[in-house]
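In the numbering used here, the protein residues as written are 4 to 769.
Each residue gets a CB set at the ideal place from its N, CA and C atoms; glycine is no exception.
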């Protein structure tokens, strides 16, 4: 009985084996492989295709053979097929597929022709997108989780192994139907041989075509793994220019690399040399990239088991670019250390990189930089220092080049795993600035900066024009083609949109900067001993408790900007200044920048005290001026001098001007003035007073902040009024000369009626 059971089992197993063999032999022949391939090609390229035969053989060694494949191109690309293939043979193993490994024993490609064509309109025949699925096709199911990684003892699981690849009789054809030019790029040799069954995998590879040659070998324990490549850009460029008109390539690239030793101490050396590179872009008007020489060398030791990399040396040199870089260090799990140094001739480097820099920017000078990066799993530290001698920067928008005889910067930054940064020290030193920064910064959960700024001097008048010019030059966009007739111009940003954007920014930041600046030059003024805080966050920005010396006096300033929702931002300013010493030169400068000094005076001299409380809405200058309100005062308790030369520029009023100059003094014992601000207009009354027996002068008027237009009159009083002057005065003491024009160019206007009456009264009195 047992023998019968064993016999039946053997017969059943044999029957199953025969059925499996029949299935492997018959099923592939039943599949419409040709139709499936043609349909897939059409769906992905939109091109019609045909194939003579596709044979899939699973017995006696699995093989896939494709013969006579042709993919026709669209008619507008000429009559040449997009792709033509005489024969493709792929031999592969079935059992490795069970371990998620594709093991290709042999891949043979013969008679491959690929066409790269531009049509009459300049479109490339490879600019096709994959066909979209039909509208009624259901959405693709959600992606399945990735399979687990193979175990460490399965080195080739889930991998692709190509044991032999050979390509023969293959060519890339290039054509441009608009220019009628043609070229071919034959693939002279392409072979790859690998052996992964040995303890040490072996690789041999060769690739050769006009302008490109690559050889690779490695895997033998007794010989190093090597890679060599040579590229002749001129040969490649002569062919590629057909489909990329205007592209010019010249020069040579040579690459060599070798690795030898066991996995725990793999010594790797590599070098790359570039000679006489020239690359012209097809973009019209763009200068070519040129580099006469460049050398890159690398030496390192890799430990695969420890996953560490010891960088013995890394260097990059280019005499033509005036650049030299050296580095060494260690990269390992939980530990990193990198030391790098650079030397640069900025003028030479600029000439090489001009295409990648803002238009019109020029650089000159010698620069050096060194930095050290050290870190572990918890934090890393960056120490750096740099120096530039004879620095010169010029760019469109600068009145004159920015020059610094020497510029030195250094710093130490510490960053933890959460992205929090400690600025242990960050300094900049040059003739126009000596600045030190310290504090903390972070990007999560808010963009945070709690810093202290200290300096000996910062000349913003020298630095800000450079920064503004660079910003304008960087953000400027090239002119665009005119829009179509149906296109509408983009609507300008609304104030509400700008306010909402500012609110968003102020909600996302937390800024607290403490100032301790010894000397700041800005706007032609010198601020001494600047102390205070700059705050931003929670929908507000503020200048808090700012104190500094200004014009030999002292300035105190508090300002706040409040943003809420989509409303116009509101700002408030409280300012007090004491002991400001103003002379003729300082007055002329203030007259251009400070609304309080938009006065019809040629000069004013004295020591002044000023108070101001102002409020405004909006973000742009015009809106702020139009909405500003406030009040304040100005005093000169220790005396003041004034000049009213505008009277001498009056047409037909020289006689009256002479009377004023002869009778109205230029020196006064005090000044007491007040002003109000509303609806873009500054109203003021300034009383220049003296002893009772002399003449007091009141200057009353207003200034339009938007166009700086002025209107003012002189009111004279006091016992010192003589018989030559008194007859010309009105009941309120107004002299018949009204001051007008602008703050930059005041003029005098004669009130003819009042002047004539005064003249008659003067004659009768005489």
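Burial state of residue i, where buried means 16 or more other Cβ atoms lie within 10 Å
i: residue 751; result: buried
i: residue 39; result: exposed
i: residue 569; result: exposed
i: residue 572; result: buried
i: residue 608; result: buried
i: residue 428; result: exposed
i: residue 102; result: exposed
i: residue 253; result: buried
i: residue 131; result: exposed
i: residue 709; result: exposed
i: residue 267; result: exposed
i: residue 594; result: buried
i: residue 69; result: buried
i: residue 407; result: buried
i: residue 500; result: exposed
i: residue 286; result: exposed
i: residue 163; result: exposed
i: residue 422; result: exposed
i: residue 48; result: buried
i: residue 701; result: buried
i: residue 643; result: buried
i: residue 738; result: buried
Rounded separation between residue i and residue j - CA only
i: residue 192; j: residue 343; result: 41 Å
i: residue 308; j: residue 107; result: 29 Å
i: residue 329; j: residue 273; result: 15 Å
i: residue 290; j: residue 355; result: 10 Å
i: residue 703; j: residue 693; result: 17 Å
i: residue 449; j: residue 375; result: 28 Å
i: residue 136; j: residue 52; result: Below a pLDDT of 50, predicted positions are generally treated as unreliable, and residue 136, at 46, falls in that range; the measurement from the model is reported next regardless. Spanning the two alpha carbons is a distance of roughly 19 Å.
i: residue 718; j: residue 471; result: 46 Å
i: residue 180; j: residue 72; result: 25 Å
i: residue 270; j: residue 43; result: 47 Å
i: residue 113; j: residue 94; result: 15 Å
i: residue 620; j: residue 626; result: 7 Å
i: residue 749; j: residue 743; result: 6 Å
i: residue 601; j: residue 636; result: 14 Å
i: residue 265; j: residue 310; result: 14 Å
i: residue 530; j: residue 559; result: 12 Å
i: residue 405; j: residue 390; result: 16 Å
i: residue 155; j: residue 104; result: Here the model assigns residue 155 a pLDDT of 42, short of 50, so the residue's position is not dependable and the matter cannot be decided.
i: residue 205; j: residue 233; result: 23 Å
i: residue 596; j: residue 346; result: 44 Å
i: residue 369; j: residue 521; result: 30 Å
First and last residue of the uninterrupted beta strand (DSSP E) at residue i
i: residue 235; result: 228-235
i: residue 58; result: 52-60
i: residue 543; result: 543-553
i: residue 456; result: 450-462
i: residue 220; result: 215-221
i: residue 427; result: 424-433
i: residue 38; result: Residue 38 -> not in any beta strand (DSSP E); alpha helix (DSSP H) instead, spanning 36-48.
i: residue 122; result: Per DSSP, residue 122 belongs to no beta strand (DSSP E) and is neither H nor E.
i: residue 374; result: 365-379
i: residue 521; result: 512-525
i: residue 439; result: 436-445
i: residue 313; result: 311-321
i: residue 80; result: Careful: residue 80 lies outside any beta strand (DSSP E) and carries neither H nor E.
i: residue 395; result: 382-397
First and last residue of the uninterrupted alpha helix (DSSP H) at residue i
i: residue 588; result: 587-596
i: residue 624; result: 624-630
i: residue 601; result: Neither: residue 601 is in no alpha helix (DSSP H) and is coded neither H nor E.
i: residue 130; result: Where residue 130 is concerned, there is no enclosing alpha helix (DSSP H), given that its DSSP letter is neither H nor E.
i: residue 692; result: It is not in any alpha helix (DSSP H) - residue 692 instead sits in the beta strand (DSSP E) that spans 684-692.
i: residue 351; result: 349-356
Cβ-Cβ separation, residue j to residue i (assumed contact under 8 Å), whole Å
i: residue 720; j: residue 699; result: 5 Å
i: residue 188; j: residue 242; result: 5 Å
i: residue 514; j: residue 538; result: 6 Å
i: residue 677; j: residue 688; result: 6 Å
i: residue 576; j: residue 562; result: 5 Å
i: residue 542; j: residue 565; result: 7 Å
i: residue 262; j: residue 227; result: 6 Å
For a minimum of 3 consecutive residues, which ranges assigned as the beta strand (DSSP E) are wholly contained in the stretch 257-294? Runs found: 269-283.
If we require 3 or more residues per run, which beta strand (DSSP E) segments fall completely within the stretch 174-210? Qualifying beta strand (DSSP E) stretches, in chain order: 184-190, 192-198.
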